[in-house]
Amino acid sequence: MSNILFLSSTPLHSLWSLGIAAGAFAGQHCALVLIDQRPSDRDFIAEEIAGGMKGPFAETGRFLQVGKKAKQKLANARTRMREVMDYTRRFAPDYVAVGNDCRAEFHAALSVAPQATAAYVDDGAATYSTLADPSVPKSALGRAAADRFRSMIYGVSSERVAYLGTSRAVDEAWVVLPDQVHDGLRQKPLRAMQPEWFHLPVVQAICAQSNLRAGLDPRALDGIQLLLALPHDSFMRAHPQVRDRLQQMLDQTVAAGGMVAIKRHPRSQDMALDLPDRGVIEVPQRLPLEILAPLLSGTEVVGMLTSALIYLQWLGTDVRVATLVLPGFEDDPILRIYRSLGIRTLS
577 MSNILFLSST PLHSLWSLGI AAGAFAGQHC ALVLIDQRPS DRDFIAEEIA
627 GGMKGPFAET GRFLQVGKKA KQKLANARTR MREVMDYTRR FAPDYVAVGN
677 DCRAEFHAAL SVAPQATAAY VDDGAATYST LADPSVPKSA LGRAAADRFR
727 SMIYGVSSER VAYLGTSRAV DEAWVVLPDQ VHDGLRQKPL RAMQPEWFHL
777 PVVQAICAQS NLRAGLDPRA LDGIQLLLAL PHDSFMRAHP QVRDRLQQML
827 DQTVAAGGMV AIKRHPRSQD MALDLPDRGV IEVPQRLPLE ILAPLLSGTE
877 VVGMLTSALI YLQWLGTDVR VATLVLPGFE DDPILRIYRS LGIRTLS
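Numbering (our numbering), first residue to last: 577 to 923.
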């Protein structure tokens, strides 16, 4: 039996970890460990595994973030890395997977588990985007200097890369769409995640309970004909035609006797649409859309240009996905992926 360590910094990574652990690593000794967490952060899948049904995981852990400011990094970075290394030594992983291979915690874990296979796990749009991270120096000399300085702060050697998944530490990558990854990831051995893993009873049960923890009864999703994934309310104020189109879809579906689910952008402050007194449920704002996906069946989903639509199409059962495209956005790179999946475009 192998020891498999999943390092998750976002709810999406926790969902992927759950599917991979239940599917590819079924029967192995798996741990789900949250990293880079603020005290107020909520990860409903990880919370359910830690406090409810463990599913494919033998244990869980959680490490707080270092912080973004220089003062926080000087105060916290080395302590946090020691905590990660101490945990990793005890767990003795044969395999370490992470959704962001620039995370210092990933390199800290590998520093005390050099024999472990290191894997990158799909991080959404960054897995497929051809746009480099502008914060990473373009020259090799600049990157080397930045990595040395970072290593001094964190106390472990690490590497910042312009394209996620391409660090020298990564041995292989788990992705949803192997044919669509950026060129840098094509140089790594790719392992395709399988949608059937996310329809296994244990995964479905944990996703359902995670929704319940967030305040959404998963049974409410059974009769949903239309799910609207709203962009930020400031975007809809700037583009009133988007707001009007979404409002029209909402009103038409409710008038025909259908049920509509509304999911606001995580950072929206207001509800941009006028909601009728019946026929509508609001998905908790802090609940990631991807966690809904394995539970959706026969639903039409409409949103804007976001990687969440990719996963809703890929994970749902008979889910039909469409995206609104404004004039001037017709060449957005994510549309290439949408077209390959059969996601429709609406104007």
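The beta-carbon is built from N, C-alpha and C at its ideal position, and this holds for glycine as well. Fair warning: this is a prediction, and the values are worked out from it, not measured in the lab.
Environment of residue i [buried if 16+ CB atoms lie within 10 Å]
{"i": "D612", "result": "buried"}
{"i": "K839", "result": "buried"}
{"i": "D755", "result": "exposed"}
{"i": "T706", "result": "exposed"}
{"i": "D677", "result": "buried"}
{"i": "F725", "result": "exposed"}
{"i": "L717", "result": "exposed"}
{"i": "Q763", "result": "exposed"}
{"i": "Q889", "result": "buried"}
{"i": "L812", "result": "The residue you asked about is not Leu; residue 812 is Met in the sequence shown. Result: buried."}
{"i": "L650", "result": "exposed"}
{"i": "T893", "result": "exposed"}
{"i": "G799", "result": "exposed"}
{"i": "R658", "result": "exposed"}
{"i": "P777", "result": "exposed"}
{"i": "A597", "result": "buried"}
{"i": "R744", "result": "exposed"}
{"i": "T586", "result": "buried"}
{"i": "A768", "result": "exposed"}
Alpha carbon of residue i to alpha carbon of residue j, nearest angstrom
{"i": "Y671", "j": "I886", "result": "27 Å"}
{"i": "K645", "j": "D853", "result": "46 Å"}
{"i": "D907", "j": "M835", "result": "33 Å"}
{"i": "T693", "j": "S593", "result": "15 Å"}
{"i": "A622", "j": "R614", "result": "14 Å"}
{"i": "Q828", "j": "P870", "result": "26 Å"}
{"i": "D759", "j": "T742", "result": "10 Å"}
{"i": "G833", "j": "G631", "result": "38 Å"}
{"i": "S584", "j": "G599", "result": "17 Å"}
{"i": "Q823", "j": "S711", "result": "38 Å"}
{"i": "M629", "j": "R819", "result": "40 Å"}
{"i": "Q648", "j": "L766", "result": "36 Å"}
{"i": "R679", "j": "T664", "result": "15 Å"}
{"i": "M577", "j": "G603", "result": "8 Å"}
{"i": "V779", "j": "L608", "result": "14 Å"}
{"i": "H841", "j": "L881", "result": "12 Å"}
{"i": "A721", "j": "S687", "result": "20 Å"}
{"i": "T875", "j": "A837", "result": "10 Å"}
{"i": "R666", "j": "E748", "result": "24 Å"}
{"i": "Q817", "j": "L753", "result": "32 Å"}
{"i": "S727", "j": "E681", "result": "12 Å"}
{"i": "A814", "j": "E735", "result": "39 Å"}
{"i": "D662", "j": "G637", "result": "12 Å"}
{"i": "D849", "j": "L902", "result": "Sequence inspection shows Leu at residue 849; the Asp mentioned does not correspond to that position. Each residue's alpha carbon lies about 18 Å from the other."}
{"i": "D723", "j": "T655", "result": "19 Å"}
{"i": "Q691", "j": "H605", "result": "17 Å"}
{"i": "L520", "j": "Q845", "result": "Only positions 577 to 923 of the chain appear in this structure, which leaves residue 520 out of reach."}
{"i": "M847", "j": "Q801", "result": "20 Å"}
{"i": "L851", "j": "L806", "result": "13 Å"}
{"i": "S616", "j": "K714", "result": "35 Å"}
Contact under 7 Å by Cβ, residue i with residue j
{"i": "W750", "j": "V697", "result": "yes"}
{"i": "R843", "j": "R618", "result": "no"}
{"i": "I857", "j": "A796", "result": "yes"}
{"i": "L922", "j": "L900", "result": "yes"}
{"i": "I913", "j": "V897", "result": "no"}
{"i": "V878", "j": "G855", "result": "no"}
{"i": "S883", "j": "G700", "result": "yes"}
{"i": "R789", "j": "E624", "result": "yes"}
{"i": "G675", "j": "H808", "result": "no"}
{"i": "P669", "j": "L581", "result": "yes"}
{"i": "Y704", "j": "V757", "result": "yes"}
{"i": "A695", "j": "L740", "result": "no"}
{"i": "A684", "j": "V660", "result": "yes"}
{"i": "G527", "j": "P860", "result": "This structure gives no information on residue 527, because the portion of the chain shown stretches from 577 to 923."}
{"i": "A738", "j": "A781", "result": "no"}
{"i": "V895", "j": "L872", "result": "yes"}
{"i": "P771", "j": "L591", "result": "no"}
- Query: In the stretch 762-842, which residue ranges form an unbroken alpha helix (DSSP H) of at least 4 residues, counting only runs that do not cross its ends?
  - Reply: 777-789, 809-814 and 816-831
- Task: Inspect the CB distances between the stretch 727-738 and the stretch 784-801 and report whether three or more fall short of 8 Å.
- Result: No, the stretch 727-738 does not touch the stretch 784-801.
- Only counting runs of 3 or more residues, tell me where the beta strand (DSSP E) segments fall wholly within the stretch 894-923, in order along the chain. 896-900 and 920-922
- Message: Restricting to runs no shorter than 3 residues, where is the beta strand (DSSP E) found entirely within the stretch 692-734?
- Response: 693-697
- Task: Say whether the stretch 795-814 touches the stretch 632-643, bearing in mind that this needs 3 or more beta-carbon pairs closer than 8 Å, one atom from each stretch.
- Result: no
- Going along the chain, which unbroken runs of the alpha helix (DSSP H) with 4 or more residues stay wholly within the stretch 637-678? 646-667
- Residue ranges of each alpha helix (DSSP H) run of no fewer than 4 residues wholly in the stretch 594-637, ordered along the chain? For the stretch 594-637, whole alpha helix (DSSP H) runs of length 4 or above, ordered along the chain, are 620-627.
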